[in-house]
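In the numbering used here, the protein residues as written are 96 to 311.
C-beta: ideal position from N, C-alpha, C; glycine also.
Note that this is a predicted model, so its numbers are computed, not measured.
Here's what the structure looks like:
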């Protein structure tokens with residue numbers, strides 16, 4: 096995916112919350128994520144994150160999940176059609192299911208606003224909006240899943256929390272050479288349980304996206 100000015104703005108905004116910065120030396124080179132001018136990670140145009148060999152730090156843990164979400168938001172925005180309703184013409188439609196719609200608007204300065212609306216009769220207008228500002232995409236998706244009826248079961252963790260836990264466990268499984276066989280088995284068991292919670296929800300979102308594509 097092309098690294099657009101909008102993507103860079105959003106990435107800078109999100110990284111700033113973590114005390115990090117990003118720069119791109121040249122258009123065809125990887126992005127460099129740093130803290131106090133010290134490189135912590137390199138990001139390719141497909142969103143793949145690389146870390147300096149032997150220099151993984153505590154602050155690096157949030158980089159991959161953060162980058163992944165920024166790429167997901169940008170890709171979703173690029174592919175989304177206009178709402179087609181004059182009163183909310185500045186929004187783009189991400190998902191549409193069971194009389195509810197998840198939409199987004201880019202406000203500039205690195206910030207997306209997401210909203211879940213209920214359609215009125217024949218989808219000519221929307222009402223009862225739940226708004227999520229400052230790139231709160233995970234919260235907006237979770238609200239849409241349960242408000243639209245896509246998800247039946249509620250877990251004790253939010254979806255974004257489960258995703259962060261999964262990323263951390265995966266990284267430890269790959270990087271920790273001193274992990275015992277017993278601990279590795281336990282880690283794999285926890286990962287399978289998290290996947291069992293996340294994958295059905297991901298499937299539901301994909302099905303909703305496919306349905307929205309058929310209606311376009």
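*Would you list the one or two residues that DSSP bridges to residue 137?*
Your numbering for residue 137 matches position 42 in the chain shown. 127 and 145, per the DSSP bridge assignment.
*From the DSSP output, which residues share a beta bridge with residue 175?*
The residue given as residue 175 occupies position 80 in the chain shown. Looking at the DSSP assignment, residue 175 forms no beta bridge with any residue, so it has no partner.
_Just to confirm the assignment, what range does the alpha helix (DSSP H) spanning residue 103 have?_
In the chain shown, counting from the first residue as 1, residue 103 sits at position 8. Residue 103 -> alpha helix (DSSP H) spans 100-112.
*Rounded to a whole number of angstroms, what is the C-alpha to C-alpha distance between residue 106 and residue 214?*
In the chain shown, the residue the question calls residue 106 occupies position 11. In the chain shown, the residue the question calls residue 214 occupies position 119. Rounded to the nearest angstrom, the two C-alpha atoms are 32 angstroms apart.
*State the start and end residues of the unbroken alpha helix (DSSP H) segment that holds residue 237.*
The residue labelled residue 237 in the question sits at position 142 within the chain shown. Counting along the chain, the alpha helix (DSSP H) containing residue 237 begins and ends at 232-242.
*Could you have a look at residue 96 and say whether DSSP puts it in helix, strand or coil?*
Position 1 of the chain shown, counting from 1, holds the residue named residue 96. The answer is coil: DSSP assigns residue 96 none of H, G, I, E or B.
_Within 8 angstroms, strictly: CB atoms of residue 266 and residue 232_ = Mapped onto the chain shown, residue 266 falls at position 171. Mapped onto the chain shown, residue 232 falls at position 137. No, they are not a contact pair.
*asked:* Are the CB atoms of residue 178 and residue 170 within a distance shorter than 8 angstroms?
replied: If you number the chain shown from 1, residue 170 lands on position 75. If you number the chain shown from 1, residue 178 lands on position 83. Not a contact, by the Cβ cut-off of 8 angstroms.
*Just the C-alpha distance for residue 227 and residue 101, rounded to the nearest angstrom, thanks.*
Translated into positions along the chain shown, residue 227 becomes position 132. Translated into positions along the chain shown, residue 101 becomes position 6. Straight-line Cα distance between these residues: approximately 19 angstroms.
*Paired residues, beta bridge with residue 203 - DSSP*: Along the chain shown, one-based indexing puts residue 203 at 108. Looking at the DSSP assignment, residue 203 forms a beta bridge with 206.
*By Cβ distance below 7 angstroms, which residues in the same chain neighbour residue 330 in space, the five residues on each side in sequence not counted?*
One cannot answer for residue 330 here, as it falls past the ends of the chain, which runs 96 to 311.
*Could you tell me whether the Cβ atoms of residue 110 and residue 128 are closer together than 8 angstroms?*
Numbered from 1 along the chain shown, position 15 holds the residue referred to as residue 110. Numbered from 1 along the chain shown, position 33 holds the residue referred to as residue 128. Yes, the pair counts as a contact, with Cβ atoms nearer than the cut-off.
*asked:* Our contact map puts residue 172 next to residue 239 with C-beta atoms below 8 angstroms; I'd like the distance itself, whole angstroms only.
replied: For the purposes of this step, residue 172 is taken as residue 77 along the chain shown, with counting starting at 1. For the purposes of this step, residue 239 is taken as residue 144 along the chain shown, with counting starting at 1. With 8 angstroms as the limit, residue 172 and residue 239 do not qualify as a contact, their Cβ atoms being about 16 angstroms apart.
*For residue 183, which residues does DSSP report across the bridge?*
On the chain shown, residue 183 is found 88 positions in, with the first residue counted as 1. None, per the DSSP bridge assignment.
_Between which two residues does the beta strand (DSSP E) holding residue 118 run?_
In the chain shown, counting from the first residue as 1, residue 118 sits at position 23. Counting along the chain, the beta strand (DSSP E) containing residue 118 begins and ends at 116-118.
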